[in-house]
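Visitor: Numbering of the sequence shown is given in my numbering, commencing with residue 8 and proceeding in unit increments.
Heads up, the beta-carbon is just placed ideally off N, CA and C, and yes, glycines get one too.
Nothing here was measured: the structure is a model prediction, and the numbers come from that model.
Below you'll find the structure I mean.
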Amino acid sequence: MRVNEKIALLAPRVLLVPYSPHHVPTYHAWMQDPSLQQATASEPLTLEEEYAMQTSWRTDADKLTFIVCMPPPSVPDHITAEKDDAPQAMIGDVNMFLSADDEEDGGKSDGLQALVGEIEIMIAEKKERGKGLGRDILVAFVWYIMNSHAIIMEEYRNGNGNGKMRSYLKMLRVKIYKDNVRSIKLFESIGFQKKGDEPNYFGELELRWILDDDSRKDVEARMTAIPKSLAYKS
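Right, here's the structure in full:
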């Protein structure tokens, strides 16, 4: 998506920046790790393929992504690309993939198409794991989604079906391997609930957050501070 290409989110312990070409070499190096390939159900790509994937995440209207970095030492008035998000600051990524809700039969009676946002989060730098940063990343990302709902839906509509059908985000969803207790507890801690106790064929549990008018207040109540939305400049 292009909706976030000039925006950075600064939270107390993490910085979220739009996934840009200068991030690709570091991201590519991360994804050579077999444990990350397994955790993300990903196949290793060539560097050229990784650049193509970054372009897809930027231009496709059903994909929203941020690279996660450690924050700058002081609060700036804007975030400078390739300085504040240099390779040594990068620690992971977080993204959402939008798709039509396959449980809806033809959309709502008012013509709105129900969408599901599937969330993925990765802390690639091992030294930054186990510090509670995953929760900081997740609440900042979910907060951004809820605050940007209208423009996210507008971009999705314009990029799918020639903009003829309006959409709304019905729920956020994540699929987590059943033995990954830490990740399950992370998502439950901010409001996601298990769809059921039985894993699917792949051994995954599905957790959902059905969105309503109070969802933004709910996520803000779980935050230590509201993220600052800053301009992202080259």
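(1) Could you tell me the alpha carbon to alpha carbon distance between Q120 and D69, rounded to whole angstroms?
(2) Quick one: complete alpha helix (DSSP H) runs, 4+ long, within the region 22–108?
(3) When the Cα of L54 is compared with those of Y34, V146, Q44 and D40, which residue comes out closest?
(4) Under a Cβ-count criterion, where at least 16 other Cβ atoms within 10 Å of its own Cβ denotes burial, should K177 be classed as buried or exposed?
(5) Any idea what DSSP makes of K182, helix, strand or coil?
(6) For P79, which residues of its own chain have a beta-carbon under 6 Å away from its beta-carbon, when the five flanking residues on both sides are left out?
(7) Whole-angstrom Cβ separation of L237 and L52, contact assumed at under 8 Å?
(8) Would you report the Cα separation of G114 and W216, rounded to the nearest angstrom?
(9) From S116 to I128, what does the alpha carbon distance come to, in whole angstroms?
(10) For E213, which of K201, D219 and K224 has the nearest alpha-carbon?
(11) Please give me, in chain order, every unbroken run of the alpha helix (DSSP H) with length at least 4 that falls completely inside the region 126–199.
(12) Would you call the region 93–109 in contact with the region 192–201, where contact means no fewer than 3 C-beta pairs closer than 8 Å?
(13) Is the Cβ-Cβ distance between V24 and A15 less than 7 Å?
(14) With a threshold of 16 other CB atoms inside 10 Å of the CB of G99, please say whether the residue is buried or exposed.
(15) Could you check whether L218 and R142 sit closer than 7 Å to each other, using their CB atoms as the reference points?
Guide: In brief:
(1) One C-alpha to the other measures close to 14 Å.
(2) The qualifying runs are 31–37, 41–46 and 54–66.
(3) Shortest Cα-Cα distance from L54 to any of Y34, V146, Q44 and D40 involves Y34.
(4) K177 is buried by the Cβ-count criterion.
(5) Of the three classes helix, strand and coil, the one that applies to K182 here is strand, per DSSP.
(6) Cβ neighbours of P79 beyond the five flanking positions: D91.
(7) About 31 Å; that fails the 8 Å criterion.
(8) Residue placement at G114 cannot be trusted, given a pLDDT of 49 that sits under 50; what the coordinates show is reported in the next sentence. About 19 Å.
(9) Bear in mind that the predicted position of S116 carries a pLDDT of just 48, short of 50, making it unreliable; the figure below should be weighed with that in mind. Distance between the alpha carbons of S116 and I128: 34 Å.
(10) Looking at the Cα atoms, K201 is the closest of the given residues.
(11) Here the runs fully enclosed are 140–154, 156–166 and 188–196.
(12) Output reads no: the region 192–201 does not touch the region 93–109.
(13) Contact: yes.
(14) Its Cβ being crowded by 16 or more others within 10 Å, G99 is buried.
(15) No.
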